[in-house]
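>
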Amino acid sequence: MAAADLNTVRATIEGRLATELAESPAIPVVFHNMAFNPPNNGTWVQCLTSFGGNDYLSQGGTSDSFNRIVGIVVFNIFSAKGVGPGANYVVGKRIRDLYNRVNVSGVFFDAPTGPEALASPVPEGYFQTQVRVTFESIEEL
Amino acid sequence: MAVIRGEQGSVQFDAAGSTNATVVGTRSWSLTTTKETLDVSAHGDTFRSFVGSMISGSGTVELVYDPDATGQAGFIEDVLTTADGADASFELFTTGSSTGSDSVSFDGIITDMEITSTVGEIVIVTCSFITSGTITGNLE
Chain W
1 MAAADLNTVR ATIEGRLATE LAESPAIPVV FHNMAFNPPN NGTWVQCLTS
51 FGGNDYLSQG GTSDSFNRIV GIVVFNIFSA KGVGPGANYV VGKRIRDLYN
101 RVNVSGVFFD APTGPEALAS PVPEGYFQTQ VRVTFESIEE L
Chain D
142 MAVIRGEQGS VQFDAAGSTN ATVVGTRSWS LTTTKETLDV SAHGDTFRSF
192 VGSMISGSGT VELVYDPDAT GQAGFIEDVL TTADGADASF ELFTTGSSTG
242 SDSVSFDGII TDMEITSTVG EIVIVTCSFI TSGTITGNLE
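Note that the protein sequences, when read in sequence, are chains W and D. For the first sequence, the numbering used here assigns the number 1 to the initial residue and increments by one for each residue that follows. For the second sequence, the numbering used here assigns the number 142 to the initial residue and increments by one for each residue that follows.
1. Within 9 Å of any Cβ in chain W, is that where the Cβ of T211 of chain D sits?
2. Starting from N279 of chain D, follow the beta strand (DSSP E) in both directions and report where the run begins and ends.
3. Applying the 10 Å Cβ sphere with the 16-neighbour rule, what's the burial state of F36 of chain W?
4. Relative to the C-alpha of G193 of chain D, which candidate in D:Y206, D:E177, D:S199 has its C-alpha closest?
5. Would the stretch 26 to 44 of chain W count as touching the stretch 72 to 91 of chain W if we require 3 or more Cβ pairs under 8 Å?
6. Starting from E148 of chain D, find everything on chain W with Cβ-Cβ shorter than 8 Å and list it in chain order.
7. Counting only the same chain and skipping the five closest in sequence on each side, list residues whose C-beta sits under 6 Å from that of Y126 of chain W.
8. Taking T163 of chain D as the query, report the chain W residues whose CB atoms sit under 8 Å from its CB, ordered along the chain.
9. Counting along the chain, where does the alpha helix (DSSP H) carrying K93 of chain W start and finish?
10. Taking 9 Å as the cut-off, decide whether the C-beta atoms of V30 of chain W and T134 of chain W are in contact.
11. At 7 Å on the CB atoms, spell out the chain W contacts of G166 of chain D, in chain order.
12. Can you check DSSP and say which residues form a bridge with R189 of chain D?
13. Let me know the secondary structure DSSP gives N33 of chain W once reduced to three states.
14. Against chain W, does D228 of chain D count as a neighbour if the rule is that its beta carbon must be under 9 Å from one of theirs?
15. Answer yes or no: does any C-beta atom of chain D fall closer than 9 Å to that of I72 of chain W?
16. Hey, I256 of chain D and V245 of chain D: beta-carbon distance below 9 Å or not?
17. What is the DSSP secondary structure of T12 of chain W, reduced to helix, strand or coil?
18. Please compile the residues from chain W whose C-beta is within a distance smaller than 7 Å of the C-beta of V205 of chain D.
19. Helix, strand or coil: how does DSSP classify D64 of chain W here?
20. Taking the straight line between their C-alpha atoms, what separation do you get for S137 of chain W and T236 of chain D?
21. List the residues of chain W that S151 of chain D touches, going by C-beta distances under 7 Å, in chain order.
22. Pick helix, strand or coil for Q59 of chain W, following the three-state DSSP scheme.
23. Which word fits L179 of chain D, buried or exposed, when buried means at least 16 other C-beta atoms lie within 10 angstroms of its C-beta?
24. What number of angstroms, rounded off, separates the C-alpha of M254 of chain D from the C-alpha of T12 of chain W?
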């Protein structure tokens, strides 16, 4: 039992996506705080992992106790503009299937939300959808 | 003055009543202690009088279910003990886990165990108990 390493949780989440999107057809992916040049008129994914409010799960002070750590992963999926949503949603399904109700290394992923089409893509020049997955990890002290 | 928050508490238990050990993963506990009263009003009295009589207790312990957590299996399965001789010992702590400090201790019987599994939520176990014999308070 030890305090949770949030960087390990982040790496678990991001590593799962990086492995999936490295497979054919490979899709560029960018995470928080990384330099990145989006492909012109191509498909790419932005993955943003954030931790939220945590709470007590059990009694016991700083040892023999559990905490709940929650967070959200936001996947922004960008694809070519003006050619319909199909290609984008194919990527959305790959991502959704990757996390849907999965328990990986003690990280419980909930049922995903999306892909939702966004009216104002950021950056502009793409068709953008968003998949969001909340997750929960139990810290055992 | 120092108020205490629930997460500071803990529960210790031993089914055999010898050496208590912490049950890891308890989420809450409660204990209700009741003293029966005897009516000692005399003929001619205009106000009732009582004296305290038998004392007993009952309560619950709620756990975040973890089959690997120390002490949980022994605690939640004690309800299956047949011909239970009320030899299990409990110590409920408001804070810390130092025997005889900030706690209530007693022997008792686990009379009820309910395990609840709900979609999207953590599995919770709730055990009810009654005390048997002396209840020792160290809450001062």
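Think of the CB as a built atom: it goes at the ideal place given N, C-alpha and C, for glycine as much as any other residue. Just so we're clear, the structure is a prediction, and the values are computed from it rather than from any experiment.
Taking the structure as given:
1. As a working mapping, residue 211 of chain D is identified with position 70 in the second sequence. Closer than 9 Å: yes.
2. Taking the second sequence and counting its residues from 1, the one referred to as residue 279 of chain D is at position 138. From DSSP, the beta strand (DSSP E) with N279 of chain D extends over 265 to 279.
3. The residue labelled residue 36 of chain W in the question sits at position 36 within the first sequence. Classification of F36 of chain W: exposed, given that the 10 Å Cβ count is below 16.
4. Taking the second sequence and counting its residues from 1, one reaches residue 193 of chain D at position 52. Comparing Cα positions, the closest option is D:E177.
5. yes
6. Translated into the one-based positions of the second sequence, residue 148 of chain D becomes position 7. Per Cβ cutoff of 8 Å: Y56, S58, Q59, G60, G61, S65.
7. The residue you call residue 126 of chain W lines up with position 126 of the first sequence. Result list for Y126 of chain W: F78, K81, in chain order.
8. In the second sequence, residue 163 of chain D corresponds to position 22, counting from 1. Within 8 Å Cβ-Cβ: G60, D64.
9. Residue 93 of chain W sits at position 93 when you count from the first residue of the first sequence. It spans 86 to 99 - the alpha helix (DSSP H) in which K93 of chain W sits, taken as one unbroken run.
10. For this step, residue 30 of chain W is matched to residue 30 along the first sequence. For this step, residue 134 of chain W is matched to residue 134 along the first sequence. Not a contact, by the Cβ cut-off of 9 Å.
11. As a first step, residue 166 of chain D is located in the second sequence; it is residue number 25 there, counting from the start. Those are S58, F66, listed as they occur along chain W.
12. Here the question's residue 189 of chain D lines up with position 48 in the second sequence. According to DSSP, which records beta bridges pairwise, R189 of chain D is partnered with nothing at all.
13. Here residue 33 of chain W is taken as the residue at index 33 of the first sequence, counted from 1. Note: N33 of chain W maps to coil in three-state DSSP.
14. As a position in the second sequence, residue 228 of chain D is number 87, starting the count at 1. So, not an interface residue.
15. If you number the first sequence from 1, residue 72 of chain W lands on position 72. No, I72 of chain W does not count as interfacial toward chain D.
16. The residue given as residue 256 of chain D occupies position 115 in the second sequence. The residue given as residue 245 of chain D occupies position 104 in the second sequence. No. Outside cutoff.
17. Start at 1 with the first residue of the first sequence, and residue 12 of chain W comes out as number 12. T12 of chain W: helix per DSSP, three-state reduction.
18. As a first step, residue 205 of chain D is located in the second sequence; it is residue number 64 there, counting from the start. By Cβ distance, chain W contributes L57, S58, F66.
19. Along the first sequence, read from residue 1 onward, the residue named residue 64 of chain W stands at position 64. Three-state DSSP puts D64 of chain W in coil, outside helix and strand.
20. The residue you call residue 137 of chain W lines up with position 137 of the first sequence. The residue you call residue 236 of chain D lines up with position 95 of the second sequence. Going by the C-alpha atoms only, they are around 26 Å apart.
21. Counting from 1 along the second sequence, the entry for residue 151 of chain D is found at position 10. By Cβ distance, chain W contributes Q59, G60.
22. One-based indexing of the first sequence puts residue 59 of chain W at position 59. Three-state result, Q59 of chain W: coil.
23. Along the second sequence, read from residue 1 onward, the residue named residue 179 of chain D stands at position 38. Looking at its Cβ environment, which holds fewer than 16 other Cβ atoms inside 10 Å, L179 of chain D is exposed.
24. Your numbering for residue 254 of chain D matches position 113 in the second sequence. Your numbering for residue 12 of chain W matches position 12 in the first sequence. Their backbone Cα atoms lie some 36 Å apart in a straight line.
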